[in-house]
Amino acid sequence: MIDQLKQLRQHLLTGVSYAIPFVACGGILIAAALAFAPLNPQSNAPDPGNVPVLMFLLKLGVLSFKLMLPILAAYISYSIAGKPGLVAGAIGGFLCNDLRVLAFFPDPGKQELSAGFLGAIVAGLLAGYTVALIKTIPTHRLIRPVMPILIIPIVSTIFVGAVMMLVLGPPIVGLMAWLTHELDNMQTGNAVVLAAVIGGMIAFDMGGPVNKVAFFFSAGLIEKGNCLPMGACAAAICTPPLGMGLATLLGRKLWSEEERDSGLAALGMGTIGITEGAIPFAAADPLRVIPCLMGGSIVASVTAMLGKVGDHAPHGGPIVLPVVDNRVMYIVAILAGTLTTALLINTIKALAKAQAAPEASE
Amino acid sequence: MKIVAVTACPTGIAHTYMAAEQLEKAARSLGHQIKLETQGAMGIENELTAADVRNADLVIFAVDIEVEKKDRFEGKKILKVGVGEAIKNPAAVLARAGA
């Protein structure tokens, strides 16, 4: 059972490893387009509409984001079933951008039916296990050569497409809509609670599914003209790697030479808004590290929310500073979160060491 | 002893290469021959050839994600560990592999 869960985690991480460049590239292109855009006097938000070069960058960035879901699902499926799994995974993932691309019913409605990141994970797993199952069917040697390039992709694509469209897609779309609605309600009720939830989710799995739900929720609200959740999100995104990096600098004796190297790499990744930089620390000691990361990110997101930090680009970290409103508070939020994580983990490590020492000498 | 190893982590920027470096150092200090293939964000680097794999006494995967071109290793006994383990304690990983 544990082995199977490990396998599953490995498949998901494989998909994520191929999708990361698409998120980073898309996020930074969009951030760049908005950073140089003139302010729209009516909405007081950056508006690249009249600058062709910026629109070009913006559209490329959006395209990169749209490709992220098919790439994620395709490579989850690839990890499970190899090359024959790519097609069904990619198409299943692409569907998750908006189920209406398959809308053969008369009135698809104006509302986007996005199954998002969660949908793409489900589509990738479904495609992978379907193809893996088909591969176990014994075939005659005459049709064996056409199995991987013709029969398996066609059969699995029809199956995955139908299941996503009719069975699994709608409830996931509903779940995402419900989640967005709930977070949306919270936002009118209590912005600080919302920021804390976003911060905790961002740090919880460092770029994994929980992180991406919070990220896409916040990024989605930018379009609706509310940049505050993304501001909280952006501050929370970079503090896990920055905090671990700072911890290795502050408490040199607590960390091995390799961990200190790892810490420097984490600082670099934190600066460009890649939460995944904290993964090696969390993987090595999850029970101690993850709560410290979440603590720091929550401090950062709540500080950002209180300081009315708005972020106009779907990306986080110090690198988006040019497109952030209330820049001073953004920096304060990041520093506060980073310090919190670093001090928490170093204190816990020092205590653990002090406890372990007498036991070892007995 | 001849060892071949593959390292790969989800982001593929830093830890893939750190694990490779640690394994290489540890293996060299024990007097073994080792060839490391890294599967990072740049793709496969220092790729292991069929002959490398055939002649190897030990195969180690230090990975958190699926290994690319896995069919090269068919029929070989493989020790699989996480990237973090190889970075933190490469000597123990080698010992477990039987080096």
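These protein sequence lines map, in sequence, to chains A and B. Reading the first sequence from the start, the letters are residues 184 to 545 in the numbering used here. Reading the second sequence from the start, the letters are residues 137 to 235 in the numbering used here. For each residue, glycine too, the CB sits at the ideal point set by N, CA and C.
query = A:A181 to A:G232, Cα distance in whole Å?
reply = Given a span of 184 to 545 for chain A in the structure shown, any question on residue 181 of chain A remains unanswerable.
task = Using three-state DSSP, classify B:T185 as helix, strand or coil.
result = coil
query = For the stretch 435–459 of chain A, which residues have a CB atom closer than 9 angstroms to at least one CB atom of chain B, in sequence order?
reply = S439, E441, E442, D444, S445, L447, A448, A449, G451, M452, I457, E459
key: Sub-8 angstroms separation of A:P229 and A:H495 beta-carbons   = yes
ask   = By how many angstroms is the C-alpha of A:G446 removed from the C-alpha of B:A155?
value = 14 angstroms
CB contact check: A:V206 to chain B, cutoff 8 angstroms = no
task = Determine the burial state of B:A186: buried for a count of at least 16 other Cβ atoms within 10 Å of its Cβ, exposed for fewer.
result = exposed
message = Are the CB atoms of A:A216 and A:L241 within a distance shorter than 8 angstroms?
response = yes
ask   = At least one CB of chain A closer than 8 angstroms to the CB of B:M137: is that the case?
value = no
task = Note down, in chain order, all residues in the stretch 142–153 of chain B with a beta-carbon under 9 angstroms from any beta-carbon belonging to chain A.
result = A144, C145, P146, T147, G148, I149, A150, H151
inquiry  = Can you confirm whether A:S247, when its beta carbon is compared against all beta carbons of chain B, has any partner nearer than 8 angstroms?
reply    = no
query = With DSSP run on the structure shown, which of helix, strand or coil describes A:D147?
reply = Outside the displayed range of chain A (184 to 545) lies residue 147 of chain A, so it cannot be described from this structure.
inquiry  = Whether or not the stretch 469–488 of chain A and the stretch 515–527 of chain A are in contact is what I'm after, with contact meaning three or more pairs of Cβ atoms, one per stretch, closer than 8 angstroms; do they touch?
reply    = yes
Under 9 angstroms by beta carbon: chain E residues contacting B:A177 = Absent from the structure: chain E. Protein chains present are A and B.
ask   = What are the boundary residues of the beta strand (DSSP E) that includes B:I214?
value = 214–217
message = Assuming A:K249 is part of the alpha helix (DSSP H), what are its boundary residues?
response = 235–264
key: Beta-carbon neighbours of B:K212, restricted to chain A and to distances below 9 angstroms   = Near B:K212 there are no residues of chain A at all, since even the closest Cβ is about 18 angstroms away, more than 9 angstroms.
inquiry  = So, with DSSP's three-state summary, where would you put A:I304?
reply    = helix
inquiry  = Taking 7 angstroms as the limit between beta carbons, can you name the residues of its chain near A:T431, skipping five residues before and five after?
reply    = W438, E442, R443, G446
ask   = Rounded C-beta distance between A:G460 and A:A467? I'm assuming under 8 angstroms.
value = So it is not a contact: roughly 14 angstroms between Cβ atoms.
Beta-carbon proximity list for B:A198, same chain, < 6 angstroms, skipping 5 on both sides = T143, A155, V217, V219, A222
message = Does the stretch 295–314 of chain A come into contact with the stretch 367–386 of chain A, if we say contact requires no fewer than three beta-carbon pairs (one atom in each stretch) closer than 8 angstroms?
response = no
query = Cβ of B:V199 versus every heavy atom of the ligand MG: is any distance shorter than 7 angstroms?
reply = The ligand MG is not among the ligands present in this structure, which contains no ligands whatsoever.
key: Where the stretch 187–205 of chain B meets chain A: residues whose CB sits under 7 angstroms from a CB there   = D200, I201, E202
query = Under 8 angstroms between C-beta atoms, does A:A543 make it to chain B?
reply = The predicted model places A:A543 with a pLDDT of 48, which falls under 50 and marks its position as unreliable; any figure quoted below should be read in that light. For A:A543, the answer is no, since every Cβ of chain B falls outside 8 angstroms of its Cβ.
query = Alpha carbon to alpha carbon, how far is A:A273 from A:G352?
reply = 15 angstroms
query = By Cβ distance, which residues of its chain are closer than 8 angstroms to A:N529, with the 5 residues on each side in sequence left out?
reply = A430, L433, G434, L437
request  = May I ask you to verify whether the stretch 497–506 of chain A touches the stretch 193–211 of chain A, counting CB pairs closer than 8 angstroms and requiring at least 3?
outcome  = yes
ask   = What are the partner residues of B:E173, as DSSP defines its beta bridges?
value = B:V142
request  = Note down, in chain order, every chain A residue with its Cβ under 7 angstroms from the Cβ of B:G220.
outcome  = P463, A466, A467
task = May I ask you to list the residues that DSSP assigns as paired with B:I196?
result = B:A141, B:L215
query = Measuring CA to CA, which of A:G408, A:L489, A:V343, A:S297 is closest to A:A519?
reply = A:L489
query = Interface residues of chain B around A:H194 at Cβ under 9 angstroms?
reply = I201, E202
task = Look at the Cβ atom of A:G451, then the Cβ atom of A:V503, and state whether they are nearer than 8 angstroms.
result = no
message = Just to confirm the assignment, what range does the alpha helix (DSSP H) spanning A:T422 have?
response = 411–433
ask   = If the cut is a Cβ gap below 8 angstroms, which residues of chain B does A:S262 touch?
value = I201, E202
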